[in-house]
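Enquirer: The opening residue of the sequence shown carries number 129 in my numbering; numbering runs sequentially from there.
In this text, a Cβ means the ideal position worked out from N, Cα and C, and glycines have one as well.
Next up is a structure, given as structure tokens.
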Amino acid sequence: MRTRVRLATAVAVVMAAALSALAQEGGWGSVSLGLRSGFSKLEGDLEHPRLCPTVGGRLEYAPVPYFGLGLAASYAILNSRDYPEREMLQWDKTIAAPVEGELAFYLFPLRRVCPYASIGAGAIYWRSSRAPTGTIRKGWDGLLKAGGGLKFRLSQVVSLALGADVRATFVDALENRPSGDETDGVIFAHAGLTFSLPMGDKNDRDLDGVPRELDLDDAVAEDPDGYMDHDGMPEENPDFVRYYRGEMKLMEEVREIARAEAVSEKKPVVIHHPVRRAEGHRTLKLDAEVFCDSLLVCAALYRVGMEANWSLVRMLPHPGLPYRYSAAIPDSAVDRGLMYMVAAVNADKSGIGYAGLPRRPLQVRVFQGASRWRSVGGTVAALGWGAAGFWVLRRQK
């Protein structure tokens, strides 16, 4: 009981802190739908609980990348793997269908791999039965939940999530054995895919990341191939950019085509995948592939808001990857209103390749509350996982 009270108190405190932080940020909303499958087992009075197949789903609204409000449900048929134990309890199985609301916290949402933690509360429908007599007991009861795991971003739309949830219910009879000083629960280990659903944005109608004032075609989304992705209008040439093994890279044979085309045109060809989101006051790394027979310089120019002058940082060649250049915008310049462009000039200064222009720059949405959200998320992880671990490992009296 004390563990549940502590967890409920933690939920209230964290919710208050989250709402306070949300009031300072806006315009980051996203909706996602997740499908899960895995295995559950009863955490209660059984000596030999079985791992049972489980399916579930989850709907989430994330007002900011670091925090989401979720609604989850799952379904499992739970039992014991020991036949004498089931005979002793005069019980065969229990259907468990929990439904809960939850608060999810993502520690590094702008990276490809993101740890997360969640806490929540809800209700569980359960029905225990025995053949051939049928239902023994059933009902709806409350529950508290703590969970977490890892989220792997596969693309802008699809993510893979691996995690586990511990649900502590308010009933001590799921397996027809009301004993000890703890109620029963359900542990659910799962894997699943999460799909981001499109949301309307009046400033970006085609949802390609290019704001309306800079988009030359806001009815058709930009093709994210790295070639002149700053103007919002898909370019037909050059057409040598391909996806290779799931990552935005050029195949070796395609690189040669790009290089030959750059030489024939006597100007650099710049392939740069724009950075659309960043954390405030953290160094922003930029990468580009530049194809040119004789390159004079490749550089990134940036400014914040309506500053009169552009600052410049030279992009240096990567020691191990041909045609690859990298630079970093210093953390002091990563603030709201950040915009930048990448430019490359050939040796005789007769040609220039670019991604972004002074009048049509690449704009970055900078999030200022990263450290605050990570502190809240870390607190949730410590409280939630600590309480769940204590509850699972504690021996009943």
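Could you tell me which of G354, Y355 and M361 sits nearest to D346, measuring between CA atoms?
Expert: M361
Enquirer: Based on the DSSP secondary-structure assignment, which residues constitute the bridge partners of P177?
Expert: Answer by DSSP bridge pairing, in chain order: S208.
Enquirer: According to DSSP, W438 sits in a beta bridge with which residue or residues?
Expert: DSSP output for W438 lists no bridge partner at all.
Enquirer: Quick one: give me the first and last residue of the alpha helix (DSSP H) that F167 is part of.
Expert: Element bounds for F167: not the alpha helix (DSSP H) but the beta strand (DSSP E), S158 to E171.
Enquirer: In its own chain, which residues sit with a C-beta less than 7 Å from the C-beta of R178, not counting the 5 before and 5 after it?
Expert: K169, N207, S208 and R209
Enquirer: So, under 8 Å CB-CB, G481 and K395 are touching, yes? Tell me the CB distance rounded to an integer number of Å.
Expert: 6 Å
Enquirer: Comparing C-alpha positions only, which one of A296, D220, K477 and L235 sits nearest to C420?
Expert: K477
Enquirer: Identify, in the order they occur along the chain, each residue of the same chain with its Cβ nearer than 6 Å to the Cβ of A456, setting aside the five sequence neighbours on each side.
Expert: Result list for A456: T411 and K413, in chain order.
Enquirer: Could you tell me which residues DSSP pairs with F518 in its beta bridges?
Expert: Note: F518 sits in no beta bridge, so no partner.
Enquirer: Among L449, P450, Y468 and G162, which residue has its Cα nearest to the Cα of A289?
Expert: G162
Enquirer: Roughly how many whole angstroms lie between the Cα atoms of L238 and P193?
Expert: If I take the Cα positions, the gap works out to 8 Å.
Enquirer: DSSP on A428, reduced to helix/strand/coil?
Expert: strand
Enquirer: Using CA atoms only, rank isn't needed, just tell me which of M216, Y203, Y211 and A245 is closest to W254.
Expert: Answer by Cα proximity: Y203.
Enquirer: Which residue wins for smallest C-alpha separation from Y234, given the options G505, Q524, A461 and P260?
Expert: Residue nearest to Y234 within the set G505, Q524, A461 and P260 is G505 (criterion: CA-CA distance).
Enquirer: Mind checking which residues open and close the beta strand (DSSP E) that includes F495?
Expert: Taken as a continuous stretch (DSSP letters only), the beta strand (DSSP E) holding F495 covers R493 to F495.
Enquirer: Per DSSP, P243 forms a beta bridge with which residues?
Expert: L278
Enquirer: Decide if E375 is buried, meaning its Cβ has at least 16 other Cβ atoms within 10 Å, or exposed.
Expert: With a pLDDT of only 42 at E375, under 50, the local geometry of the prediction cannot be trusted, and the value read off the model is given with reservation. It is exposed - the Cβ of E375 has fewer than 16 other Cβ atoms within 10 Å.
Enquirer: Which residues does DSSP pair with E228 in a beta bridge?
Expert: Bridge pairing for E228: A200 and G250 [DSSP].
Enquirer: If V294 and V462 are in contact, beta carbons under 8 Å, what's the gap, nearest whole angstrom?
Expert: With 8 Å as the limit, V294 and V462 do not qualify as a contact, their Cβ atoms being about 38 Å apart.
Enquirer: With DSSP run on the structure shown, which of helix, strand or coil describes G374?
Expert: Because the pLDDT at G374 is just 36, under 50, the model does not fix this residue reliably, and the point stays unresolved.
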